[in-house]
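Protein chains in written order, with this note's numbering: chain A, 1 to 240; chain B, 1001 to 1240. Read the structure below first, then the notes.
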């Protein structure tokens, strides 16, 4: 049975970390909220689950994954669940908990990227919090990119130079690719400059992009372009 | 062998979610950075691990747990690792992944609490970002507390009214207690008002506090008082 991924249909967002794992594994999945609605899919199908008062274990927010009767929300938890099933993590507890730690640290940076354009409130638009965004983005570029990149670079180096965990590609590598890809879109100046000092990150970004299934996905219509509704937004004034 | 918990010694912070699980289970543990240093403990012992370039899998930040040769960082990952070992989660994958989702949602709210006093940058003091904090805290009180509390109240209700997962106390219940306890310290007005509409949350907070081991811990010297260095800070102007 195909996995059902539920996420906002107009943006990559956090759903993209799950999509990349499914695509790399060649797993059958339905991107439910992007369906046309005539077969029970579409945004309404996702909203029905979110608002279903008979569901004992309702998601707090998208993305969530349905695997038969199992519903899993929270991006990192979805990947914790999917990783072994998709062959995207090793079999030992030590490898799995390490990959998960990395995923949670990626998630922390993703939240910080989001907050560069929404430092005050998700209930307001960017235009309603521009001065605060300018201050937050300046700190993000000056302090947070180097801190996170430094750690990612170090752990790749200590693992032999090419992967985050073990000797093969894991979901953590795919998620780091997505984080870097988003940063290159949102903060091209700051990210290109930072990658010069973090060559293993640049190499990982290229290596993942060239994987056959990932490359085919990235050039397909299934890959929603980055845009200013998502987590990674290009506001040139925040990258000056 | 005793677990080693490593965390900043002057504040509860994210380490407290781990401490509560260890205390409820009566597990032997050493709060390493709070040691006096004469036995190889103390803040220096924690810093040595963080800066140890021979460590293949270094923590990004405290808290982290050492269990023999295993080092686990990221609060939610630590509890994922400890939960089964401490008897604080059931045996099925479904229960474990659900408890973990809840923990990650608690972690998201903890980050938002922190950002009410640090919306611009962790590298600055609260005093350097007071106007931004006032705006963020107002939104947090108006929109975020109701959204998170509504979900927690709903999932307790759909689970029979007393616990988050299953029929016994799990680490998720302990973490929700800590979140509520911190909010009652930092935002007493907003939190008391919100709890009136969320009676199951108020009942869970009281029930956890009265558990013998938790109560003994809370009145002990091991419980660091809330203060204005931690995540939950009482700045009355943010709760007006």
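In this text, a Cβ means the ideal position worked out from N, Cα and C, and glycines have one as well.
Under the three-state DSSP convention, the category residue i falls into
i	result
residue 70(A)	strand
residue 162(A)	coil
residue 1004(B)	strand
residue 49(A)	helix
residue 197(A)	coil
residue 231(A)	coil
residue 181(A)	helix
residue 140(A)	helix
residue 1064(B)	strand
residue 1224(B)	coil
residue 1088(B)	coil
residue 170(A)	coil
residue 59(A)	coil
residue 110(A)	helix
residue 125(A)	coil
residue 1209(B)	helix
residue 1148(B)	helix
residue 101(A)	helix
residue 1187(B)	coil
residue 1176(B)	helix
residue 13(A)	coil
residue 1216(B)	helix
residue 133(A)	helix
residue 1118(B)	coil
residue 1240(B)	coil
Cβ shell of residue i (< 7 Å), same chain only, five flanking positions each side left out
i	result
residue 1157(B)	1200
residue 76(A)	100, 103, 104, 107
residue 1202(B)	1195
Same chain, Cβ closer than 8 Å to residue i, neighbours up to 5 away in sequence not counted
i	result
residue 1136(B)	1115, 1116, 1119
residue 1010(B)	1224, 1227, 1229
residue 1155(B)	1102, 1164
residue 1098(B)	1165
residue 1109(B)	1144, 1148, 1179
residue 214(A)	20, 23, 24, 174, 177, 208
Residues that residue i contacts on chain B, provided the C-beta gap is smaller than 7 Å
i	result
residue 81(A)	1097
residue 111(A)	1111
residue 123(A)	1139, 1143
residue 5(A)	Under the 7 Å cutoff, chain B gives no residues; its nearest Cβ is about 16 Å from residue 5(A).
6 Å CB neighbourhood of residue i in its chain, flanking five on each side removed
i	result
residue 177(A)	205, 208
residue 1067(B)	1003
residue 90(A)	166
residue 184(A)	191
residue 1121(B)	none
residue 241(A)	Here chain A covers residues 1 to 240 and nothing more, so residue 241(A) does not appear.
Residue i: contacting residues in chain B (beta-carbon distance under 8 Å)
i	result
residue 92(A)	Those within 8 Å of residue 92(A) in chain B number zero; the least Cβ separation is about 11 Å.
Cross-chain neighbours of residue i in chain B, by beta carbon under 9 Å
i	result
residue 70(A)	1093, 1094, 1097
residue 105(A)	1060, 1061, 1073, 1074
Proximal residues of chain A, C-beta to C-beta of residue i below 8 Å
i	result
residue 1058(B)	151, 154, 155, 158
residue 1120(B)	119, 132, 135, 136, 139
residue 1100(B)	74, 77, 80
Task: At least three beta-carbon pairs within less than 8 Å, the segment 105–117 of chain A to the segment 129–142 of chain A - done: Using a C-beta cut-off of 8 Å, the segment 105–117 of chain A makes contact with the segment 129–142 of chain A, since at least three inter-stretch Cβ pairs fall below that distance.
Task: Meets three-Cβ-pair contact criterion under 8 Å: the segment 80–92 of chain A and the segment 19–28 of chain A - done: Taking 8 Å as the limit for Cβ pairs, the verdict is that the segment 19–28 of chain A does touch the segment 80–92 of chain A.
Open item on the list: Restricting to runs no shorter than 3 residues, where is the beta strand (DSSP E) found entirely within the segment 15–46 of chain A?
Closed with: Runs of the beta strand (DSSP E) inside the segment 15–46 of chain A: 29–31.
Open item on the list: Below 8 Å, how does it come out for the segment 1057–1067 of chain B and the segment 1014–1022 of chain B: are there three or more Cβ pairs, yes or no?
Closed with: Contact between the segment 1057–1067 of chain B and the segment 1014–1022 of chain B is present: 3 or more CB-CB pairs across the two stretches fall below 8 Å.
TODO: Assess, as a yes-or-no matter, whether the segment 1188–1203 of chain B is touched by the segment 1143–1150 of chain B under the definition of 3 or more beta carbon pairs within less than 8 Å.
DONE: Proximity of the segment 1143–1150 of chain B to the segment 1188–1203 of chain B meets the contact definition, three or more beta-carbon pairs being nearer than 8 Å.
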